[in-house]
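In what follows, a structure is listed as structure tokens, so that the remarks can point back to it.
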Amino acid sequence: MGNRVSEIGVAVLVCLLAIMAAVEIGGSDANKISLVLKYLTIASFMIGLFQPKGAFYWLILVSAYLNLVKRLTVFDGQLNFIELIVSNLAPPACVAGICIGTAFGFITKKYDIRASHVIGTVIAALLAGIVVIAKTRGGAGAVGGGLNGAVNAGCYLFLVPMVAIHHRSASDIAKLLKWVCWVCVPVAIYAVYQAFYGFAWWESLFETGMASSMIELEFGEIRAVSTLNSAISLSSVMAICAVLCIYLARSRDKNGVGFGIVTALVLFVIFSAGLAATMRRSGILLLVAAIIAVFMLRTRGRTLLFYGSGVAMLLSLYIFSGFLLKWTWDNRTLGQGSDSKFLNGMLQFSTWQDRIAGFNNMMTNPNLWEPFGVSKEYIRKTSYDRDQIIHGMAGATDFSAYRGESYTHDVFSNAIVSYGYVPMSFVLVFAVLVAFKLHSRLLSLPVRSVERFNLTWMLAISAGIMASGITSIQAISIFPVNVFAYTIFGFAWQLWMDGGERLPSRPGIQAEPPAIAGEALPA
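So the sequence shown is numbered by the working numbering: it starts at 45 and just counts up by one.
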């Protein structure tokens, strides 16, 4: 009876919201798409509040196409600053609704929330608090600072425990990841279209400075962004989906939910084409690292080799950053004589210089090593001049002339600059302990078990995501990549703490009854 009343109440609220939206949108002189986005935010919160588990499917859909809806505002005038902020709030509102709805379900004993879920939520809250303080302290001039950076970096951390609470079985995990792939198929197809034909005439939102691809337009390097907000975001999302196709091809036999071989192959090709359309190497690194990790994480020795090699390569980027910076500068025109646009993009070393400059700054500038983060005054004083980059590169004779001494590009350097080496030392120790526990748990599971299969793939994709963050923090920290990334992390957390569903999810597969002492099981 209680559920019936709840469903009726939700239906009434939805009807009232629809009436309010129709009246305001039809009778207002304001930007109609902006009003649609406002009510989309309210609807997203309500969906998360009343249907926390189903809201994850809605969140993925909104995350994949929100930026495309924002571009449609050009048909009814441009967004002002306040409208632009509101237009970004639907995904955070959905996450907030999920958290509040889950908390209410815990109070009413609707959900079986275990100690591991509480621990995960507390950790997420602490990390989110630290991130918000650091980002707002840094201001808009800091690396990823300001209110938008705080929301992006802090809000979606709660997806990790929320995903774990609402996706308790192997089939739950596979169903949501299958949805991710289907939702992103049009994203990949449109990316390929943009690679050949460029942006549509109505996508002039990029020309207003309201999109992160603005700098690419000013450089004359129009790279596909599809329905997302930048080529970097698209690259990471396409790589994640490509890996998921391989996972889901095998998931059908393990979890009872997945793709057939032909479907998986076709979708893999589509997502790989979407990845190639971005001409971003961070996504390629994510894809390759994740596939390698699937094979390397199967034994203790190979696991140590995998992570040891990763640490060695990262340290090499720091140690040899000076040499690499000079080499990429001397060879920055390599590939420009080719007729292949794709080859030119892959051999464009100016973007490699961006990353290596950050490593070099960390090695040569002691002012970036502060106990609790670099002050926003120093960052603003030493940040690079964006106009100088855009308009002065052609006449520059030294790469250092157009990168500020506080500039960082990778996830680790940025974290040290933003939060300081003291907090990051604790985070590093915690991360090592968690990684040790995760892989100990993984290797203790039966080799052919459903739990080991799923945990191996979730850890492998997580490793690929972190590997891409080594080259670019934007590859994992910006929306909507963080939504996809924290969803994967949440699955890994669930499988580690609770083991996921301990029985095969395929219909008709029954568990064998435990053997009684002295009695053999029937054949």
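A virtual CB, placed ideally from N, CA and C, is assigned to each residue, including glycine.
### Task
Could you name the residues of the same chain whose beta carbon sits closer than 6 Å to that of P524, not counting the 5 residues immediately before and after it, in chain order?
Within the sequence shown, residue 524 is the residue found at index 480, counting from 1. Same-chain partners within the cutoff: S107.
### Task
Indicate whether V301 and S213 have their beta-carbon atoms separated by less than 7 Å.
Mapped onto the sequence shown, residue 301 falls at position 257. Mapped onto the sequence shown, residue 213 falls at position 169. No, they are not a contact pair.
### Task
Could you tell me whether the region 287-297 touches the region 130-137, where touching means 3 or more Cβ pairs closer than 8 Å?
Counting Cβ pairs under 8 Å, fewer than three are found: no touch.
### Query
Which value, in whole angstroms, describes the spacing of the CA atoms of T347 and M340?
Within the sequence shown, numbered from 1, the residue matching residue 347 stands at position 303. Within the sequence shown, numbered from 1, the residue matching residue 340 stands at position 296. Roughly 6 Å separates the two Cα atoms.
### Query
Should F202 be labelled buried (16 or more other beta-carbon atoms within 10 Å of its own) or exposed?
Translated into the one-based positions of the sequence shown, residue 202 becomes position 158. That one is buried.
#### Entry: Alpha-carbon spacing of Q538 relative to H483, whole angstroms
Here residue 538 is taken as the residue at index 494 of the sequence shown, counted from 1. Here residue 483 is taken as the residue at index 439 of the sequence shown, counted from 1. Cα-Cα distance, rounded: 14 Å.
### Task
Evaluate the contact criterion for the region 408-427 versus the region 453-473: three or more CB pairs, one atom per stretch, below 8 Å.
The answer is yes - the region 453-473 touches the region 408-427, with three or more Cβ pairs under 8 Å.
### Distance CB(M407)-CB(Y362) smaller than 7 Å
Here residue 407 refers to the residue found at position 363 of the sequence shown. Here residue 362 refers to the residue found at position 318 of the sequence shown. Yes, Cβ-Cβ distance for M407 and Y362 is below 7 Å.
### Task
Kindly list the residues whose CB is nearer than 6 Å to the CB of A529, restricted to its own chain and excluding five residues on each side of it in sequence; keep chain order.
Within the sequence shown, the letter at position 485 stands for residue 529. Excluding sequence neighbours, A529 sits near I509, I520.
### Query
With respect to the alpha helix (DSSP H) encompassing Y294, which residues constitute its N-terminal and C-terminal limits?
Counting from one through the sequence shown, the residue named residue 294 turns up at place 250. Before going on, a small fix: residue 294 reads as Arg here, not Tyr. For R294, the enclosing alpha helix (DSSP H) begins and ends at 275-299.
### Query
Taking just the CA atoms, how far does I209 sit from S279?
Along the sequence shown, read from residue 1 onward, the residue named residue 279 stands at position 235. Along the sequence shown, read from residue 1 onward, the residue named residue 209 stands at position 165. So the alpha carbons of these two residues sit roughly 29 Å apart.
### Task
Would you kindly check if the distance between the Cβ of S512 and the Cβ of S326 is under 7 Å?
Here residue 326 refers to the residue found at position 282 when the sequence shown is read from its first residue. Here residue 512 refers to the residue found at position 468 when the sequence shown is read from its first residue. Cβ distance < 7 Å, so S326 and S512 count as in contact.
### Query
DSSP on K153, reduced to helix/strand/coil?
Stepping through the sequence shown from its first residue, residue 153 is reached at position 109. Coil, per DSSP.
### Message
Taking the alpha carbon of G352 as the reference point, which residue from F100, G164, A479 has its own alpha carbon closest?
### Response
Working through the sequence shown from its first residue, we reach residue 352 at position 308. The candidate whose alpha carbon is nearest that of G352 is A479.
### Task
State the Cα-Cα distance for the pair K481 and L349, rounded to the nearest angstrom.
The residue you call residue 481 lines up with position 437 of the sequence shown. The residue you call residue 349 lines up with position 305 of the sequence shown. Whole-angstrom Cα-Cα distance: 17 Å.
### Task
May I ask you to report which of helix, strand or coil DSSP gives I522?
In the sequence shown, counting from the first residue as 1, residue 522 sits at position 478. Note: I522 maps to coil in three-state DSSP.
### Task
Under 6 Å Cβ to Cβ from G198, same chain only, skipping five residues before and after it: list those, please.
By 1-based counting over the sequence shown, the position of residue 198 is 154. Excluding sequence neighbours, G198 sits near A172, V175, V176.
### Query
Can you give the Cα-Cα distance for I157 and G149, rounded to whole angstroms?
Counting from 1 along the sequence shown, the entry for residue 157 is found at position 113. Counting from 1 along the sequence shown, the entry for residue 149 is found at position 105. Looking at the two C-alpha atoms, the distance is approximately 9 Å.
#### Entry: 7 Å Cβ shell around Y155 - same chain, five flanking residues per side excluded
By 1-based counting over the sequence shown, the position of residue 155 is 111. For Y155, same chain residues with a beta-carbon under 7 Å away, outside a window of 5 residues either side, are T146, G149, I209 in chain order.
### Query
Taking Cβ to Cβ, would you say S365 is nearer than 7 Å to F403?
Working through the sequence shown from its first residue, we reach residue 365 at position 321. Working through the sequence shown from its first residue, we reach residue 403 at position 359. Yes, they are a contact pair.
### Alpha-carbon to alpha-carbon, V118 and S78
Taking the first residue of the sequence shown as position 1, residue 78 is located at position 34. Taking the first residue of the sequence shown as position 1, residue 118 is located at position 74. Rounded to whole angstroms, S78 to V118 spans 10 Å at the Cα level.
### Cβ distance (whole Å) where C138 is taken to contact S88 below 8 Å
Start at 1 with the first residue of the sequence shown, and residue 138 comes out as number 94. Start at 1 with the first residue of the sequence shown, and residue 88 comes out as number 44. A Cβ-Cβ distance of about 4 Å is found for the pair C138 and S88, placing them in contact under the 8 Å criterion.
### Query
Under the three-state reduction of DSSP, which class applies to H211: helix, strand or coil?
Numbered from 1 along the sequence shown, position 167 holds the residue referred to as residue 211. Reduced to three states, the DSSP call for H211 is coil.
### Message
Helix, strand or coil for G318? Go by DSSP, reduced to three states.
### Response
Start at 1 with the first residue of the sequence shown, and residue 318 comes out as number 274. G318: helix per DSSP, three-state reduction.
#### Entry: Top-ranked residue by Cα proximity to L354, from A232, G98, P230, A507
Here residue 354 refers to the residue found at position 310 when the sequence shown is read from its first residue. Note that residue 354 is Gly in the sequence shown here, rather than Leu. The shortest C-alpha to C-alpha distance from G354 to any of A232, G98, P230, A507 is the one to A507.
### Task
Might you give, ordered along the chain, the residues of its own chain that have their beta carbon closer than 6 Å to the beta carbon of L486, omitting 5 neighbours on each side?
The residue given as residue 486 occupies position 442 in the sequence shown. Take L486, set aside five residues on each side of it, and the residues of its chain with a beta-carbon closer than 6 Å to its own are L499, in chain order.
### Task
Can you grab the Cα-Cα spacing for the pair G189 / A235, in whole Å?
Numbered from 1 along the sequence shown, position 145 holds the residue referred to as residue 189. Numbered from 1 along the sequence shown, position 191 holds the residue referred to as residue 235. The predicted position of G189 is uncertain, since its pLDDT is 46 and thus under 50; a value taken from the coordinates is nonetheless stated next. Here the alpha carbons of A235 and G189 stand approximately 29 Å from one another.
### Message
Cutting at 6 Å between CB atoms, please list the residues of its own chain near S316, excluding the five before and the five after it.
### Response
For this step, residue 316 is matched to residue 272 along the sequence shown. So the list reads A286, once near-sequence residues are dropped.
### Task
Just the C-alpha distance for W102 and L81, rounded to the nearest angstrom, thanks.
As a first step, residue 102 must be located in the sequence shown, where it is residue number 58. As a first step, residue 81 must be located in the sequence shown, where it is residue number 37. When only Cα atoms are considered, W102 and L81 end up about 15 Å apart.
### Message
My output table needs one value for R344: the three-state DSSP class, helix, strand or coil.
### Response
As a working mapping, residue 344 is identified with position 300 in the sequence shown. R344 falls in the helix class under three-state DSSP.
### Query
If you run the structure through DSSP and keep just helix, strand and coil, what is W102?
As a first step, residue 102 must be located in the sequence shown, where it is residue number 58. Looking at W102 - three-state DSSP - the assignment turns out to be helix.
### Query
Secondary structure at V227, three-state DSSP: helix, strand or coil?
One-based indexing of the sequence shown puts residue 227 at position 183. In the structure shown, V227 falls within a helical segment according to DSSP collapsed to helix, strand and coil.
### Query
Whose C-beta lies closer than 7 Å to the C-beta of R399 among residues of the same chain, with five residues either side of it excluded?
As a position in the sequence shown, residue 399 is number 355, starting the count at 1. Spatial neighbours of R399 in its own chain (CB-CB distance under 7 Å, excluding positions within 5 residues in sequence) are listed in chain order as H453, D454, T515, S516.
#### Entry: P96 burial status per 10 Å Cβ neighbour count (16 or more: buried)
What you label residue 96 is simply residue 52 of the sequence shown in a count that begins at 1. With 16 or more Cβ atoms within 10 Å of its Cβ, P96 is classed as buried.
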